[in-house]
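Below: one structure, written as structure tokens.
Residue numbers (my numbering): 85 to 566.
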């Protein structure tokens, strides 16, 4: 392929990926959007950009119209603030910042779950090591979800639906200073006590907040009403609730699940469905008009990735909700995955704050722990917020990298056989091993995946293996192997 044509194809595909990200919206927080992103990238890999000006103009006009319409659709935009709930003595940050009646009530709940009068038990509770820096230094912590959508407190949300800490996706769950607590000999940080606050907005009026348990709902004059629901019940957001706050405490040590759900009013529900439909239509229009897909290799690659995703989600279900997919489960205290995640979140925050030098430094002048994984996690926070969708997508591509290498060396038939063995073998060099390494947040899936991708790109540039000299592929392959 002539160099000029190759440049046009490459730059065109980069533009299409950028438009795809605009249509999906950053950060990507839902699994179905990650599936569309993966499918779009696979389609671009196995396709050519159509150079016809008429097609490009039509695609650009339709996509631009869709993006404009989406910005006009109403969203709830509820301001959310959240943090771990932990205290040691009088006068700490949470006591100074929370309304007095709320803090006093929550302190009683905390004392009930972690009695302060039993020093032997104290070592295995959320009181342990609190004096060593493991206390909140501000009322609300920050969230990676707010990197692209600035928020008043932690983040803005357009929907509320969760039952536990993993589904809530609170970034504080993997903050470094809360990682030294060990329970009964094993790290069970899923029982971390935390709270959330919602400040209602005008578009959310008419929606109904459902919950089971107790919460504090702000009334006139800045006072608060404690409302207890013994079973899931709802309360409608009224016009008088605009700008008012609702506070909810969650104590998983006492109650492992605590369902909270916001039933959107008809206008917001219709807007949400319309926005999703417009996103899908925009993606289809973009690819149908600008891309000529080579269907056989695309469908083969998609099938391999789809099987990998099925195995990943089966593993998530069997493991009881480990840190993969759209969940954001706490990593084990003191584990490598916890360090990578905590540093990665802080690096992403520093990038958006303009502190590029410290972000590149990565918290260590001389690396002690595996250095690359923290930067991979930082990129994941930038594009996928407080989820594990980036790692999940990369994991799903590992079998595809195996297939691409084997197809160069052995032909398509043996490549499919070898990929099948890798996918379904329960021992040794198998996909299952990498899934469980990914659940622990270890660097092996990223390291192995980049090695395999780099190896394939080098093979692709060798004429004797059916490839052609390509400086771009050589550079990227070398970067992957580095």
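Using N, Cα and C, we set each Cβ at its ideal position, and we do this for glycine too.
Judged by their CB atoms, residue 228 and residue 445 are not nearer to each other than the 8 Å cut-off.
Looking at the DSSP output, residue 347 sits in a beta bridge with 292. Here residue 481 is buried. Its C-beta has 16 or more other C-beta atoms within 10 Å.
Residue burial is scored here from C-beta neighbours: residue 94 has fewer than 16 other C-beta atoms within 10 angstroms and is therefore classed as exposed. The beta-carbon separation of residue 318 and residue 285, rounded to 18 Å, does not stay under the 8 Å limit for a contact. Taking a 10 Å sphere around the C-beta of residue 509, we find fewer than 16 other C-beta atoms and assign the residue as exposed. In the DSSP assignment, no residue is bridged to residue 177. For residue 313, the enclosing beta strand (DSSP E) has its first and last residue at 308-320. Here the stretch 447-458 lies against the stretch 522-535, with 3 or more beta-carbon pairs under 8 Å apart. When C-alpha distances from residue 313 are compared across 321, 342, 335 and 289, the shortest belongs to 342.
By the C-beta criterion, the stretch 383-392 is judged to be in contact with the stretch 118-130, since at least 3 inter-stretch pairs fall below 8 Å. Taking C-beta atoms as the reference points, residue 376 and residue 132 count as a pair closer than 8 Å. Excluding the 5 residues flanking it on each side, residue 366 has same chain C-beta neighbours closer than 6 Å at 107, 147 and 150, in chain order. Of all C-beta pairs linking the stretch 250-258 to the stretch 274-285, three or more are shorter than 8 Å, placing the two stretches in contact. Remark: C-beta atoms of residue 463 and residue 483 do not approach each other more closely than 8 Å. Membership of residue 464 in the alpha helix (DSSP H) is indicated by the continuous run 456-468. Counted as a single uninterrupted DSSP element, the stretch harbouring residue 334 is not any alpha helix (DSSP H) but the beta strand (DSSP E) occupying residues 329-334.
In the DSSP assignment, residue 442 falls outside any beta strand (DSSP E) and within the unbroken alpha helix (DSSP H) covering 440-445. Residues of the same chain with a CB within less than 6 Å of the CB of residue 236, apart from the 5 flanking positions on each side, are 163 in chain order. Distance from the CA atom of residue 184 to the CA atom of residue 411, rounded to whole angstroms, is 33 Å.
Residue pairing for residue 240: DSSP places it in a beta bridge opposite 163. A straight-line Cα-Cα distance of about 6 Å links residue 258 and residue 414. Two segments are said to touch when three or more pairs of C-beta atoms, one from each, lie closer than 8 Å; by this definition the stretch 467-479 touches the stretch 108-121.
Rounded to the nearest angstrom, the gap between the Cα atoms of residue 497 and residue 565 is 27 Å. By the criterion of a C-beta distance shorter than 7 Å, residue 396 is surrounded in its chain by 408, 476, 479, 480 and 519, once the five residues flanking it on both sides are discounted.
Here residue 321 is not near residue 359, since their CB atoms are 8 Å or more apart. Taking C-beta separations shorter than 6 Å and ignoring five residues to either side along the sequence, the partners of residue 332 in its chain run 280 and 299, following chain order.
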